[in-house]
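Just so it is clear: in the sequence shown, position 146 is 147 by my numbering, and no numbers are missing. Each residue gets a CB set at the ideal place from its N, CA and C atoms; glycine is no exception.
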Amino acid sequence: MDIEEQVLLTDVHMDGVKFSIARLRAPFCVSTAPGPISYCYLLRKGRLWLEVGSAEPTLIALEAGTIVGLTGTIPHRFRSGPGQLRVKEERLVTHGFAEEHEGDAPFELIVGEIPQEALALSGLFLGAMVLSPSRAEKVCRRIWKAADLVEEELRDTETMGGSSLVIRRLAELMLINIARWVISQATSEEAGGLRALADMRILRAMAAFTRESLKNWTVKELADIAGMSRTAFSERFHDLIGLSPLQCVTRTRLRTASAALTRGGQSLEEVAAMAGYSSAAAFIRAFRREFQTTPARWRANLGPEPFEQGLRE
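Written as structure tokens, this is what we have:
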């Protein structure tokens with residue numbers, strides 16, 4: 002078994018995955034629930050725009066058939082048009098596949114979601130993964146075949162039992178195909194900023210601190226896992242990711258802390274200590290830099306505040 006297979010088979014766990022569908026009419030600006038959730042969006046019908054980020058958001062045009070992978074800790078929303086900045090942002094409303102609906106809608110978006118803590122592989126994805134049929138025709142076709150089977154299973158009124166297991170296996174198949182494509186295309190711009198997956202030594206280290214995000218990692222420990230010298234590892238990591246190894250570890254740790262805040266049950270001081278910060282004040286400063294909001298507001302809203310700033314013209 003090669004390293005790629007080891008990483009994929011270790012990290013692909015889809016317990017708790019859910020699928021639903023949104024049928025939309027323009028104009029709209031919608032977002033899914035923020036927080037420690039991994040999302041897979043499949044645009045079945047229409048053409049819309051994905052906006053990623055908050056302070057200086059990136060706008061990505063999506064054609065029908067496009068598949069997008071994102072985590073809820075990365076602010077994002079969908080727009081029916083690139084210039085509709087005054088359209089009020091609302092929460093995306095989805096329905097079960099078997100639910101009745103009136104007429105045809107010009108936009109259809111399938112939404113798959115899973116708690117981020119159940120999907121260690123999601124911690125490796127630092128940005129949006131966008132697979133369009135014009136650039137990744139083969140893998141998109143395979144993923145859509147699995148999505149069609151998911152819909153057929155969810156529409157079945159005479160199920161044979163084991164539906165949740167079937168859905169989970171199909172979702173795992175979809176994710177594996179996404180990850181395979183990312184690994185194969187990681188040196189190109191189409192990989193959505195995941196060039197690190199082109200170097201399996203760096204991937205091994207990233208997988209390690211993703212699985213144990215609260216461990217007090219050192220660069221030497223990560224370099225040993227990668228099988229590289231400390232200097233070579235740091236330079237290669239920064240070249241591929243654009244961050245130092247410890248900056249990336251901090252980002253992953255803060256995502257874990259955001260999940261703890263969402264679940265509740267721990268005080269701010271306890272979450273700060275869990276995340277490795279000596280004081281709540283230091284934790285708040287780091288959290289604000291990462292998520293553009295405070296831990297208290299994150300907890301109150303179960304995620305980042307709704308976007309208030311549109312695209313800069």
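Q: Taking 8 Å as the cut-off, decide whether the C-beta atoms of residue 281 and residue 287 are in contact.
A: When the beta-carbon positions are compared, residue 281 and residue 287 stay at least 8 Å from each other.
Q) Can you pull the DSSP bridge partners for residue 102? A) Per DSSP, none; premise fails for residue 102.
Q: Give every residue of the same chain whose Cβ lies closer than 7 Å to the Cβ of residue 217, excluding the five residues on either side of it in the sequence, and list them in chain order.
A: Result list for residue 217: 277, in chain order.
(Q) Taking the beta carbon of residue 74 as the centre, do at least 16 other beta carbons fall within 10 Å, making it buried, or is it exposed? (A) In summary, residue 74 is buried, with 16 or more beta-carbon neighbours lying within 10 Å of its beta-carbon over all protein chains present.
Q.
Can you tell me whether residue 318 is buried or exposed? The criterion is at least 16 other CB atoms within 10 Å of its CB, across all chains shown.
A. The chain is shown only over 2 to 314; residue 318 falls outside these bounds and no answer can be derived.
**Q.** Through-space distance from residue 38 to residue 87, alpha-carbon basis
**A.** Answer to the nearest angstrom: the Cα atoms are 27 Å apart.
Q. Among the residues of its own chain, which have a CB less than 7 Å from the CB of residue 189, if the five just before and after it don't count?
A. Note on residue 189: pLDDT 47, under 50, position unreliable in the model; the coordinate value appears next. Same-chain partners within the cutoff: there are none.
Q. Between the C-alpha atoms of residue 16 and residue 115, what's the straight-line distance to the nearest angstrom?
A. When rounded, the distance between both Cα atoms is 8 Å.
**Q.** Three-state secondary structure (DSSP) of residue 207
**A.** The DSSP-derived three-state label of residue 207 is helix.
Q | Per DSSP, the bridge partner or partners of residue 96 | A | By DSSP's assignment, residue 96 forms a beta bridge with 22.
Q) Which residues in the same chain as residue 144 place their Cβ atom closer than 6 Å to its Cβ, once the five residues preceding and following it in sequence are excluded? A) So the list reads 68, 175 and 178, once near-sequence residues are dropped.
Q | For residue 167 and residue 160, the rounded distance between their alpha carbons | A | Distance between the alpha carbons of residue 160 and residue 167 is about 11 Å.
Q. Can you give, in chain order, each stretch of the alpha helix (DSSP H) that sits fully within the segment 207-258 and has at least 4 residues?
A. Taking only runs of at least 4 residues, the alpha helix (DSSP H) segments lying wholly in the segment 207-258 are 220-227 and 231-242.
Q. According to DSSP, which residues form a beta bridge with residue 116?
A. BP columns for residue 116 point to 38.
Q) What residue from 234, 291, 223 and 265 has the CA that sits closest to residue 251's CA? A) The closest CA to that of residue 251, considering only 234, 291, 223 and 265, is found on 291.
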